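**Student:** Take this structure first; my questions come after.
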Amino acid sequence: MEGVGDAASRDTSGGQILHTGDVVLLKTQLRDKELYAEAGSHAHDTGYICASGLFETLEVREVDDLHNGLFDVRDFLFVVREQLSYNAQKDLQKRQKQILQDGNQNTPASAAYLRNLEERAALEADQNAKRLQAKSRPLLYGEALQLQHLRTGNFIRVRAKQAAALQHSCRLVELQEGNSSAWFRTTPFFQHKSQGERIALNEMLRIESVRLSTDWHLNWSRCRNLARDEVLEVNCARHGRSFYFVLYSRTHPVSPTSNLPALTYPAAIRFYYPHFKCFLSNSCSAEKHQPKLRRVLGSDTDSGKDLWLLLPAAGAAPDRGVLW
206 MEGVGDAASR DTSGGQILHT GDVVLLKTQL RDKELYAEAG SHAHDTGYIC ASGLFETLEV
266 REVDDLHNGL FDVRDFLFVV REQLSYNAQK DLQKRQKQIL QDGNQNTPAS AAYLRNLEER
326 AALEADQNAK RLQAKSRPLL YGEALQLQHL RTGNFIRVRA KQAAALQHSC RLVELQEGNS
386 SAWFRTTPFF QHKSQGERIA LNEMLRIESV RLSTDWHLNW SRCRNLARDE VLEVNCARHG
446 RSFYFVLYSR THPVSPTSNL PALTYPAAIR FYYPHFKCFL SNSCSAEKHQ PKLRRVLGSD
506 TDSGKDLWLL LPAAGAAPDR GVLW
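Position 229 of the sequence shown, counted from 1, bears residue number 434 in this note's numbering, the numbering being contiguous throughout.
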């Protein structure tokens with residue numbers, strides 16, 4: 206299995222380029238008064254967007270090393286997705302809302318119209334699923350994309366008409382199911398880059414909201430919450446801050462002619478011991494550290510205690526598939 210540093214993944218200048226389907230970290234620099242400062246040039250100046258899944262909001266965490274055991278890296282991982290269509294789903298939701306407001310008007314024409322909308326929405330969902338499974342391709346500046354949180358499956362969205370919870374001059378950014386508010390486009394941060402060029406990984410850029418249009422970018426603000434704790438709230442603002450796409454893993458086929466994906470970080474796997482018909486398991490209790498074999502009883506084959514994550518060893522590059 207090849208790593209991501211092959212010829213097809215590089216631009217003409219030798220840097221790796223962003224593809225659809227890439228699992229990425231969204232990195233930013235935390236030096237408020239230095240617009241062009243590079244993240245990682247000083248201690249405590251690097252942050253990553255994260256979401257626990259317990260709340261809909263996102264925040265930036267100051268992290269110099271994600272692999273020191275202090276953080277759950279899954280909270281920081283996002284999948285770069287193709288722009289999906291939501292027009293038919295929006296029409297169906299609008300019609301269902303209208304039916305609830307107007308009462309039950311179950312005429313033949315109304316039922317036929319609703320059935321037609323349901324069929325269109327089902328077809329659109331099927332087309333979106335096929336787009337998500339399509340072969341990855343390089344992304345260009347100016348193209349629309351979506352950012353899906355790997356752990357929850359929800360998308361980063363901008364609420365165009367709602368102020369952010371803490372920085373009220375900005376718009377609210379949250380994790381929700383996908384719709385047109387989850388469409389973003391990347392724009393170059395530096396003038397020597399232009400629309401239509403391939404997006405290089407680890408390159409400073411801006412992430413613009415398609416819904417709010419020009420100059421409304423993904424942003425973070427240093428704020429105080431109700432407990433007076435300092436937090437770095439993720440929101441959407443005019444001329445927002447810069448971010449970097451940092452590759453964490455990329456799906457590879459098991460062979461050039463296969464559609465089956467090979468193992469990549471951070472795949473969730475289970476270890477099965479066929480001799481005793483057991484899974485390697487571990488307790489959720491912090492007081493129990495010893496793994497054990499859990500025997501499968503009848504149809505009871507699924508347990509979260511059997512799940513293990515493939516993570517790179519300390520110091521190893523995480524942006525490659527798992528090698529033999």
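Here a beta-carbon is modelled for each residue, glycine too, at the ideal position from N, C-alpha and C.
Quantities reported herein were computed from a predicted structural model and do not represent experimental measurements.
(1) Would you tell me roughly how many angstroms separate the C-alpha atoms of residue 361 and residue 223, rounded to the nearest one?
(2) Please identify the residue among 286, 423, 258 and 473 whose C-alpha is closest to the C-alpha of residue 394.
(3) Based on the DSSP output, what are the partners of residue 454 in its beta bridges?
(4) Between the Cα of residue 352 and the Cα atoms of 479, 426, 438 and 414, which residue gives the shortest distance?
(5) Going by DSSP, which residues form a beta bridge with residue 477?
(6) Excluding the 5 residues preceding and the 5 following residue 226 in the sequence, name in chain order all residues of the same chain whose CB lies nearer than 6 angstroms to its CB.
(7) For residue 407, which residues from the same chain have a beta carbon less than 7 angstroms from its beta carbon, with the 5 sequence-adjacent residues on both sides left out?
(8) Please report how far the alpha carbon of residue 259 lies from the alpha carbon of residue 234, in whole angstroms.
(9) Please work out which residues of its chain come closer than 8 angstroms, Cβ to Cβ, to residue 271, disregarding the five sequence neighbours upstream and downstream, and give them in chain order.
(10) Taking one C-beta from the stretch 506-513 and one from the stretch 471-478 each time, how about it: are there three or more such pairs within less than 8 angstroms?
(11) Drop a sphere of 10 angstroms on the beta-carbon of residue 518, count the other beta-carbons inside from all chains shown, and report buried for 16 or more, exposed for fewer.
(12) With a threshold of 8 angstroms on Cβ separation, who are the neighbours of residue 294 within its own chain once the five nearest residues in sequence on each side are excluded?
(13) Would you please state the rounded distance, in angstroms, between the beta carbons of residue 263 and residue 378? I believe it to be under 8 angstroms.
**Tutor:** Looking at the coordinates:
(1) Looking at the backbone, the Cα of residue 361 and that of residue 223 are separated by about 18 angstroms.
(2) With distances taken between Cα atoms, residue 394 lies closest to 423.
(3) Bridge partners of residue 454: 228.
(4) Out of 479, 426, 438 and 414, 414 has the C-alpha closest to the C-alpha of residue 352.
(5) DSSP, once it has assigned bridges, lists 484 as partnering residue 477.
(6) Short of 6 angstroms from the beta carbon of residue 226, and not among the five residues preceding or following it, lie these beta carbons of its own chain, in chain order: 341 and 456.
(7) Result list for residue 407: 449 and 451, in chain order.
(8) Distance between the alpha carbons of residue 259 and residue 234 is about 25 angstroms.
(9) Sequence-distant partners of residue 271 (beyond 5 residues in either direction) whose C-beta falls short of 8 angstroms from its own C-beta, in its chain, are 230, 253, 278 and 281.
(10) With the cut-off at 8 angstroms, the stretch 506-513 and the stretch 471-478 touch.
(11) Residue 518 should be labelled exposed.
(12) Setting aside the 5 residues that flank it on each side, residue 294 is surrounded in the same chain by 326, 329, 330 and 384, each with a C-beta closer than 8 angstroms to its C-beta; the list follows chain order.
(13) Residue 378 and residue 263 do touch by the CB rule: their CB atoms are close to 6 angstroms apart, below 8 angstroms.
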